[in-house]
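Chemist: Following this message is one structure expressed as structure tokens.
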Amino acid sequence: MHGRAGREGGEGNVIIQTYNPDNFSIECAKEQDYLKFYNQEITLRKVLKYPPFCDIIKLEVSDLQEKNVREIINAIYENLLSFNDKSMNIYSPMPAPINKIKNRYRWRIIIKCIIGNNVISKINKAVNSIKANSSTRISIDINPNNMN
Numbered sequence: 308m309h310g311r312a313g314r315e316g317g318e319g320n321v322i323i324q325t326y327n328p329d330n331f332s333i334e335c336a337k338e339q340d341y342l343k344f345y346n347q348e349i350t351l352r353k354v355l356k357y358p359p360f361c362d363i364i365k366l367e368v369s370d371l372q373e374k375n376v377r378e379i380i381n382a383i384y385e386n387l388l389s390f391n392d393k394s395m396n397i398y399s400p401m402p403a404p405i406n407k408i409k410n411r412y413r414w415r416i417i418i419k420c421i422i423g424n425n426v427i428s429k430i431n432k433a434v435n436s437i438k439a440n441s442s443t444r445i446s447i448d449i450n451p452n453n454m455n
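Numbering (the working numbering), first residue to last: 308 to 455.
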């Protein structure tokens with residue numbers, strides 16, 4: 308038995324629609340070469356400091372007014388930098404890839420580090436010291452599934 312795609316012992320077909328058919332992961336899937344994919348992916352993740360070699364924190368601020376978002380995200384960023392913690396790689400604030408959803412502007416800070424109580428405490432201090440408007444939302448996502 309070959310699972311759902313192969314029903315009744317016959318071979319199954321998989322159709323992948325993509326703008327990038329030469330992508331390494333697509334090629335490995337086509338060749339069914341899991342080990343080749345894994346070895347390349349794990350090496351890349353180590354070099355770029357991606358999970359599982361570190362954690363990624365997405366700190367996002369959204370509001371109906373872009374001015375509010377920029378002021379708050381910049382204040383949080385300055386607070387984070389003031390800790391002078393070399394274990395946290397803190398990237399400058401930037402608009403989210405989809406920077407406006409339902410009339411709310413979205414900006415974010417990406418942090419790469421190893422999650423621990425010390426890091427969580429510093430992020431909480433940086434965020435909690437900000438006086439935000441009632442329309443402002445601040446979210447923190449650890450190792451997000453996507454970066455949109």
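Every residue gets a Cβ at the ideal spot worked out from N, C-alpha and C, and that includes glycine.
(1) Roughly how many whole angstroms lie between the Cα atoms of Arg377 and Val321?
(2) Are the Cβ atoms of Lys356 and Asp448 separated by less than 8 Å?
(3) Output the distance between the C-alpha atoms of Ile417 and Asn386, rounded to the nearest integer angstrom.
(4) Grab me the residues of Cys335's own chain with a C-beta within less than 6 Å of its C-beta, minus the 5 sequence neighbours each way, in chain order.
(5) Would you say Ser446 and Asp370 are within 8 Å of each other, going by their C-beta atoms?
(6) Quick check: the Cα distance between Tyr326 and Lys407, rounded to an integer number of angstroms?
Modeler: Taking the definition as stated:
(1) For the purposes of this step, residue 377 is taken as the residue at position 70 of the sequence shown. For the purposes of this step, residue 321 is taken as the residue at position 14 of the sequence shown. Approximately 45 Å, taken between the alpha carbons.
(2) Counting from one through the sequence shown, the residue named residue 356 turns up at place 49. Counting from one through the sequence shown, the residue named residue 448 turns up at place 141. No, the pair does not count as a contact, with Cβ atoms beyond the cut-off.
(3) The residue you call residue 417 lines up with position 110 of the sequence shown. The residue you call residue 386 lines up with position 79 of the sequence shown. If I take the Cα positions, the gap works out to 14 Å.
(4) As a position in the sequence shown, residue 335 is number 28, starting the count at 1. Taken in chain order, the residues that qualify are Lys343, Phe344.
(5) In the sequence shown, counting from the first residue as 1, residue 446 sits at position 139. In the sequence shown, counting from the first residue as 1, residue 370 sits at position 63. No. Outside cutoff.
(6) Here residue 326 refers to the residue found at position 19 when the sequence shown is read from its first residue. Here residue 407 refers to the residue found at position 100 when the sequence shown is read from its first residue. Those two C-alpha atoms are separated by around 25 Å.
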